[in-house]
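Just below is one structure, and these are the notes that go with it.
4 protein chains.
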Amino acid sequence: MDEKKETSRVEAFSDGVFAIAITLLILDVTSAFSDASKLELFGLLQQQWTVLLAFLLSFATIGIMWLNHHRLFTLIVRADHTLLVLNILLLLAATVVPFPTALLGRYGADMVNGVDVKNNGANFWLATILYNGVFLFVAVVYNFLWRYATHKRRLLSRDVDMEAVRRINRQYLLGPLFYAIAFALTFLSPWLSPDTYTQVLAC
Amino acid sequence: MDEKKETSRVEAFSDGVFAIAITLLILDVTSAFSDASKLELFGLLQQQWTVLLAFLLSFATIGIMWLNHHRLFTLIVRADHTLLVLNILLLLAATVVPFPTALLGRYGADMVNGVDVKNNGANFWLATILYNGVFLFVAVVYNFLWRYATHKRRLLSRDVDMEAVRRINRQYLLGPLFYAIAFALTFLSPWLSPDTYTQVLAC
Amino acid sequence: MDEKKETSRVEAFSDGVFAIAITLLILDVTSAFSDASKLELFGLLQQQWTVLLAFLLSFATIGIMWLNHHRLFTLIVRADHTLLVLNILLLLAATVVPFPTALLGRYGADMVNGVDVKNNGANFWLATILYNGVFLFVAVVYNFLWRYATHKRRLLSRDVDMEAVRRINRQYLLGPLFYAIAFALTFLSPWLSPDTYTQVLAC
Amino acid sequence: MDEKKETSRVEAFSDGVFAIAITLLILDVTSAFSDASKLELFGLLQQQWTVLLAFLLSFATIGIMWLNHHRLFTLIVRADHTLLVLNILLLLAATVVPFPTALLGRYGADMVNGVDVKNNGANFWLATILYNGVFLFVAVVYNFLWRYATHKRRLLSRDVDMEAVRRINRQYLLGPLFYAIAFALTFLSPWLSPDTYTQVLAC
Numbered sequence: 272m273d274e275k276k277e278t279s280r281v282e283a284f285s286d287g288v289f290a291i292a293i294t295l296l297i298l299d300v301t302s303a304f305s306d307a308s309k310l311e312l313f314g315l316l317q318q319q320w321t322v323l324l325a326f327l328l329s330f331a332t333i334g335i336m337w338l339n340h341h342r343l344f345t346l347i348v349r350a351d352h353t354l355l356v357l358n359i360l361l362l363l364a365a366t367v368v369p370f371p372t373a374l375l376g377r378y379g380a381d382m383v384n385g386v387d388v389k390n391n392g393a394n395f396w397l398a399t400i401l402y403n404g405v406f407l408f409v410a411v412v413y414n415f416l417w418r419y420a421t422h423k424r425r426l427l428s429r430d431v432d433m434e435a436v437r438r439i440n441r442q443y444l445l446g447p448l449f450y451a452i453a454f455a456l457t458f459l460s461p462w463l464s465p466d467t468y469t470q471v472l473a474c
Numbered sequence: 272m273d274e275k276k277e278t279s280r281v282e283a284f285s286d287g288v289f290a291i292a293i294t295l296l297i298l299d300v301t302s303a304f305s306d307a308s309k310l311e312l313f314g315l316l317q318q319q320w321t322v323l324l325a326f327l328l329s330f331a332t333i334g335i336m337w338l339n340h341h342r343l344f345t346l347i348v349r350a351d352h353t354l355l356v357l358n359i360l361l362l363l364a365a366t367v368v369p370f371p372t373a374l375l376g377r378y379g380a381d382m383v384n385g386v387d388v389k390n391n392g393a394n395f396w397l398a399t400i401l402y403n404g405v406f407l408f409v410a411v412v413y414n415f416l417w418r419y420a421t422h423k424r425r426l427l428s429r430d431v432d433m434e435a436v437r438r439i440n441r442q443y444l445l446g447p448l449f450y451a452i453a454f455a456l457t458f459l460s461p462w463l464s465p466d467t468y469t470q471v472l473a474c
Numbered sequence: 272m273d274e275k276k277e278t279s280r281v282e283a284f285s286d287g288v289f290a291i292a293i294t295l296l297i298l299d300v301t302s303a304f305s306d307a308s309k310l311e312l313f314g315l316l317q318q319q320w321t322v323l324l325a326f327l328l329s330f331a332t333i334g335i336m337w338l339n340h341h342r343l344f345t346l347i348v349r350a351d352h353t354l355l356v357l358n359i360l361l362l363l364a365a366t367v368v369p370f371p372t373a374l375l376g377r378y379g380a381d382m383v384n385g386v387d388v389k390n391n392g393a394n395f396w397l398a399t400i401l402y403n404g405v406f407l408f409v410a411v412v413y414n415f416l417w418r419y420a421t422h423k424r425r426l427l428s429r430d431v432d433m434e435a436v437r438r439i440n441r442q443y444l445l446g447p448l449f450y451a452i453a454f455a456l457t458f459l460s461p462w463l464s465p466d467t468y469t470q471v472l473a474c
Numbered sequence: 272m273d274e275k276k277e278t279s280r281v282e283a284f285s286d287g288v289f290a291i292a293i294t295l296l297i298l299d300v301t302s303a304f305s306d307a308s309k310l311e312l313f314g315l316l317q318q319q320w321t322v323l324l325a326f327l328l329s330f331a332t333i334g335i336m337w338l339n340h341h342r343l344f345t346l347i348v349r350a351d352h353t354l355l356v357l358n359i360l361l362l363l364a365a366t367v368v369p370f371p372t373a374l375l376g377r378y379g380a381d382m383v384n385g386v387d388v389k390n391n392g393a394n395f396w397l398a399t400i401l402y403n404g405v406f407l408f409v410a411v412v413y414n415f416l417w418r419y420a421t422h423k424r425r426l427l428s429r430d431v432d433m434e435a436v437r438r439i440n441r442q443y444l445l446g447p448l449f450y451a452i453a454f455a456l457t458f459l460s461p462w463l464s465p466d467t468y469t470q471v472l473a474c
């Protein structure tokens with residue numbers, strides 16, 4: 272039981288950051304509807320659906336990040352300085368998510384509505400690259416954190432379920448590879464990225 | 272005592288999300304008063320009382336959601352993947368609440384103040400439908416979560432008070448029905464919805 | 272030890288709300304400096320010092336509310352439905368604080384800088400009344416919560432320090448009286464309210 | 272084990288404040304990109320990189336503050352009124368960080384982009400002074416808190432690792448001195464401050 276204690280504050284701080292990042296996402300939606308308040312609400316909903324979609328995608332993303340965090344920290348029970356720093360890098364990614372989400376929603380809306388046609392192709396493309404870049408970063412940091420914690424069972428509980436550890440090991444081999452390919456494909460075209468389609472299914 | 276542990280992090284994360292969602296509501300009030308800062312404060316208070324009312328309604332709503340969550344999780348002591356996902360759906364509803372609240376407050380103010388008379392009937396109506404839709408969603412998800420957790424006592428404590436479980440079962444039969452009727456009535460007219468009147472009393 | 276458990280989630284939720292409310296206060300400062308970004312920073316600091324003062328006052332206020340909450344809940348160890356509802360009323364007050372703070376800072380700045388002289392007297396006055404009204408509400412709710420919890424030791428620990436209880440009883444007799452007088456004096460003139468001066472000392 | 276309990280709520284409240292302050296930083300980035308939404312995204316990223324840099328610097332700063340807090344409170348196990356007040360002063364500094372960050376990012380962008388050349392030298396300078404002033408304040412308050420808690424082992428665990436205490440003592444002698452020199456150098460020129468360069472390395 273003394274073993275459990277060490278990571279409880281890391282978890283509390285992380286829960287706080289995840290909770291705030293996931294809740295702040297709605298502010299983009301509110302402000303997108305507020306900036307264009309001249310229109311009828313029904314027209315707004317038709318025009319700004321990309322903002323709502325970006326909101327749902329990012330909500331799912333941070334939700335999945337939290338589920339992952341929860342799963343890893345049922346197995347990780349000790350904390351050292353390196354783990355804390357890797358964890359803060361993860362939280363950096365979580366707090367950054369609202370930024371590319373806002374870009375994606377806004378430039379997506381611009382493109383769908385045919386505003387600034389010349390630029391928007393490029394803007395939406397760059398927004399998709401940034402968005403996918405954050406996912407790749409998340410996948411890589413989760414891998415580092417997990418490899419570091421499990422190396423010679425460094426930070427694991429003594430009576431850890433090794434089958435669960437191996438199952439995560441296998442999944443975490445494929446994750447970054449998938450995101451790296453998604454990231455690379457996005458450079459070719461925003462529509463080629465499988466990320467946008469599979470994100471929600473990854474749960 | 273080992274039984275208690277499993278849901279403590281779900282509760283902490285949920286507490287964080289509820290706490291932020293309930294606190295962000297005030298931002299709509301501040302910004303509604305900031306946008307119209309040319310007026311005298313007294314005139315502003317008269318003009319924007321719908322924003323204040325929407326704030327109080329939504330504060331009560333999220334407060335009640337938290338009370339419900341608190342009540343369920345004194346009985347639910349174990350967590351599995353399905354529960355975590357259902358819980359994230361609940362939190363989605365909680366974080367979304369500030370958005371229809373902002374719409375309701377703003378279009379309500381527009382209607383009360385006779386701005387854009389032609390459109391506002393429709394805008395306010397649509398805002399009420401969205402607002403009631405969120406409530407219906409909340410009621411349905413709480414039901415699923417509760418049925419899932421209590422089915423064959425799946426996630427309940429071994430020494431759970433079955434009388435308390437049955438009491439919640441009975442209440443949860445009526446809840447979604449009530450919200451579905453409220454939602455349907457709102458389609459006829461925003462003023463027919465019993466929701467707006469009984470929300471605060473549901474506590 | 273089983274006694275301790277009941278209020279831990281109430282405390283976690285309250286900590287979250289207090290933490291967010293106290294942190295959101297800085298947003299008013301940032302936005303006040305952002306709206307007037309045409310000016311030199313040095314001139315801005317001179318012009319907007321009332322916004323900074325209002326920030327510090329409200330930070331102290333919510334900080335003191337948390338200290339009070341912390342003190343009461345080291346003595347209160349059980350929770351029932353009434354306590355939860357009274358606690359949510361307290362949190363309502365905490366989340367509302369940023370709103371009159373923003374009004375006080377903005378109309379204070381207007382008055383200090385001689386903008387809209389005719390209206391501002393009234394605006395600043397009304398802002399002060401709202402600000403003091405929130406304090407009075409806080410003091411009254413804390414009293415109700417405390418009287419309810421301590422009545423026949425209803426929600427106290429069995430081995431509670433009765434001397435600490437009596438000390439709080441005495442302080443809580445004077446608190447609402449003080450705030451009621453402050454509130455009444457504010458109706459005569461914003462400068463008569465002892466609140467503004469003594470708030471920070473009340474710690 | 273009873274010893275551990277006293278500071279758990281201080282830690283929870285502090286975790287909340289740190290988590291929110293660190294997450295709110297992204298709002299400056301989002302709004303800096305939103306205000307200038309006329310431009311292409313690629314041009315925006317080139318123009319507003321100081322905002323991104325200020326975000327990363329402040330994220331690192333609050334991250335380091337949390338790491339420090341975490342380290343001190345593994346040794347501090349008891350809480351009294353003075354500790355709570357000193358802790359609230361620390362949290363004041365954490366919540367204030369987004370404000371000078373926003374100033375630094377904005378006036379830095381103005382200077383880099385040659386907008387308002389005459390004023391910006393002074394604006395950026397003053398922003399740097401405020402930014403360094405917050406760091407000095409943080410270093411001084413951490414020192415007070417630590418000296419207070421360790422004086423005659425006042426708030427330490429009975430079986431505390433005295434070697435860890437002495438190691439922190441030595442580091443905390445140099446910290447404020449370093450920040451005071453950095454603060455003084457900033458008065459000469461914003462570029463002389465070693466702070467900006469070493470902040471991230473201090474981890």
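Chains as they are written, first to last, in this note's numbering: chain A, 272 to 474; chain B, 272 to 474; chain C, 272 to 474; chain D, 272 to 474.
Backbone N, C-alpha and C define an ideal beta-carbon position, used for all residues, glycine too.
Check: Hey, is valine 281 of chain C's beta-carbon within less than 7 Å of any beta-carbon in chain D?
Finding: False, the Cβ-Cβ gap to chain D never drops below 7 Å.
Notebook entry, point to check: Closer than 7 Å, CB to CB, is leucine 338 of chain C near chain D or not?
Noted result: Yes, its Cβ sits closer than 7 Å to a Cβ of chain D.
Notebook entry, point to check: Whose Cβ in chain B lies nearer than 8 Å to the Cβ of aspartate 286 of chain A?
Noted result: Those are Arg280, Ala283, Phe284 and Gly287, listed as they occur along chain B.
Note to self: Taking 7 Å as the threshold (beta carbon to beta carbon), is proline 447 of chain A in contact with chain D?
What the structure shows: Output row for proline 447 of chain A: interface = no.
Margin query: Given this structure, state the Cα-to-Cα distance separating lysine 423 of chain C from valine 436 of chain C, to the nearest angstrom.
Written below: Valine 436 of chain C has its alpha-carbon roughly 12 Å from the corresponding atom of lysine 423 of chain C.
Notebook entry, point to check: Do you know offhand how far threonine 421 of chain D's Cα is from methionine 336 of chain C's?
Noted result: Taking the straight line from one Cα to the other gives about 27 Å.
Next item on the list: Work out the CA separation of leucine 343 of chain B and valine 281 of chain C for me, nearest whole Å.
Entry: Going by the C-alpha atoms only, they are around 14 Å apart.
Margin query: Can you pull the chain A neighbours of isoleucine 291 of chain B, defined as C-beta to C-beta under 7 Å?
Written below: By Cβ distance, chain A contributes Ala290, Ile291 and Thr294.
Margin query: Below 8 Å on the Cβ atoms is my contact criterion, and I expect tyrosine 450 of chain B with alanine 410 of chain B to pass it. Report the Cβ-Cβ distance as a whole number of Å.
Written below: Contact holds; Cβ gap of about 4 Å.
Note to self: I'd like to know whether the C-beta of asparagine 403 of chain C is nearer than 7 Å to at least one C-beta of chain B.
What the structure shows: Under the Cβ criterion of 7 Å, asparagine 403 of chain C is not counted among the residues facing chain B.
Checklist line | Min CB distance isoleucine 439 of chain A to chain B below 7 Å | finding: Chain B, which has no Cβ nearer than 7 Å to the Cβ of isoleucine 439 of chain A, makes this no.
Checklist line | Reduced DSSP category for leucine 427 of chain B - H, G, I as helix; E, B as strand; rest coil | finding: Of the three classes helix, strand and coil, the one that applies to leucine 427 of chain B here is strand, per DSSP.
Margin query: With a threshold of 7 Å between beta-carbons, can threonine 332 of chain D be considered close to chain C, or not?
Written below: With its beta carbon at least 7 Å from every one in chain C, threonine 332 of chain D lies outside the interface.
Check: Whose C-alpha, out of D:Gly314, D:Ser428, D:Leu327 and D:Glu277, is nearest the C-alpha of leucine 296 of chain D?
Finding: Of the candidates D:Gly314, D:Ser428, D:Leu327 and D:Glu277, the one whose C-alpha sits nearest the C-alpha of leucine 296 of chain D is D:Leu327.
Next item on the list: Spatial neighbours of leucine 407 of chain D within its chain, please: CB distance less than 8 Å, with the 5 preceding and 5 following residues excluded, ordered by chain position.
Entry: Spatial neighbours of leucine 407 of chain D in its own chain (CB-CB distance under 8 Å, excluding positions within 5 residues in sequence) are listed in chain order as Pro447, Tyr450, Ala451, Ala453 and Phe454.
Margin query: Is there a C-beta anywhere in chain B that falls below 7 Å from the one on threonine 399 of chain A?
Written below: Answer no: the Cβ-Cβ gap between threonine 399 of chain A and chain B never drops below 7 Å.
Note to self: With distance defined between alpha-carbon atoms, name the residue in A:Val431, A:Asp430, A:Leu445 and A:Leu426 nearest to alanine 350 of chain A.
What the structure shows: The shortest C-alpha separation from alanine 350 of chain A is found at A:Leu426.
Notebook entry, point to check: From this set, C:Leu346, C:Leu315 and C:Leu298, which residue's C-alpha is nearest asparagine 384 of chain C's C-alpha?
Noted result: Nearest Cα to asparagine 384 of chain C within the set C:Leu346, C:Leu315 and C:Leu298: C:Leu315.
Note to self: By the DSSP assignment, the alpha helix (DSSP H) with threonine 353 of chain C in it spans what residues?
What the structure shows: Run containing threonine 353 of chain C: 352-367, per the alpha helix (DSSP H) assignment.
Margin query: Just to confirm before moving on: does the CB-CB distance between leucine 357 of chain B and leucine 312 of chain A stay below 7 Å?
Written below: Not closer than 7 Å, so no.
Item checked: Reference phenylalanine 289 of chain B, options B:Thr399, B:Thr366 and B:Phe370, closest by Cα -> Considering only alpha carbons, the answer is B:Thr366.
Note to self: Can you give me the C-alpha to C-alpha distance between leucine 323 of chain D and glycine 392 of chain B, rounded to a whole angstrom?
What the structure shows: The straight-line gap separating the alpha-carbon atoms of leucine 323 of chain D and glycine 392 of chain B is approximately 43 Å.
Notebook entry, point to check: Given proline 371 of chain D, which residues of its chain have a CB within under 7 Å of its CB, disregarding the five upstream and five downstream residues?
Noted result: Within the same chain, Ala398, Leu401, Tyr402 and Val405 come within 7 Å of proline 371 of chain D by CB-CB distance, once the 5 residues on both sides are set aside.
Next item on the list: Tell me, please, whether the CB atom of leucine 427 of chain D is closer than 7 Å to any CB atom in chain A?
Entry: Residue-level contact check: leucine 427 of chain D does not touch chain A, since none of the beta carbons of chain A fall below 7 Å from its beta carbon.
Next item on the list: Report the residue from D:Ala364, D:Asp432 and D:Leu338 whose alpha carbon sits nearest the alpha carbon of phenylalanine 330 of chain C.
Entry: Taking phenylalanine 330 of chain C as reference, the option from D:Ala364, D:Asp432 and D:Leu338 with the minimal CA-CA separation is D:Ala364.
Check: At what residues does the alpha helix (DSSP H) containing valine 348 of chain C begin and finish?
Finding: Per DSSP, valine 348 of chain C is not a residue of any alpha helix (DSSP H), being assigned neither H nor E.
Margin query: Am I right that leucine 355 of chain A and leucine 456 of chain D are in contact with their C-beta atoms under 8 Å? What's the rounded C-beta distance?
Written below: Rounded, the Cβ-Cβ distance is 30 Å, inconsistent with contact.
Check: From phenylalanine 284 of chain A to leucine 416 of chain A, what distance separates their C-alpha atoms?
Finding: Their backbone Cα atoms lie some 17 Å apart in a straight line.
Check: Among the residues of its own chain, which have a CB less than 6 Å from the CB of valine 431 of chain C, if the five just before and after it don't count?
Finding: Hits under 6 Å: Leu346.
Note to self: Run through chain D and tell me which residues come within less than 8 Å of alanine 373 of chain A, C-beta to C-beta.
What the structure shows: The answer, in chain order, is Thr301, Phe304 and Ser305.
Item checked: Contact check, glutamine 485 of chain C vs alanine 380 of chain C, beta carbons under 7 Å -> This structure cannot settle anything about residue 485 of chain C, because the visible part of chain C is limited to 272 through 474.
Note to self: Assuming glutamate 434 of chain D is part of the alpha helix (DSSP H), what are its boundary residues?
What the structure shows: Going by DSSP, glutamate 434 of chain D is part of the alpha helix (DSSP H) stretching over 433-459.
Checklist line | Contiguous alpha helix (DSSP H) assignments of at least 4 residues, all confined to the segment 305-341 of chain B | finding: Counting only runs of 4 or more, we get 312-318.
Note to self: Using a 10 Å radius around the Cβ and a threshold of 16 neighbouring Cβ atoms, would you call methionine 382 of chain C buried or exposed?
What the structure shows: Counting the other CB atoms within 10 Å of its CB gives methionine 382 of chain C a total of 16 or more, which places it among the buried residues.
Margin query: Less than 7 Å between C-beta atoms, sequence neighbours within five positions excluded: which residues of the same chain meet that for threonine 484 of chain B?
Written below: The displayed coordinates of chain B run from 272 to 474. Any statement about residue 484 of chain B would go beyond what the structure contains.
Checklist line | Local conformation of asparagine 384 of chain C per DSSP, three classes | finding: DSSP places asparagine 384 of chain C in the coil class of the three-state scheme, outside both helix and strand.
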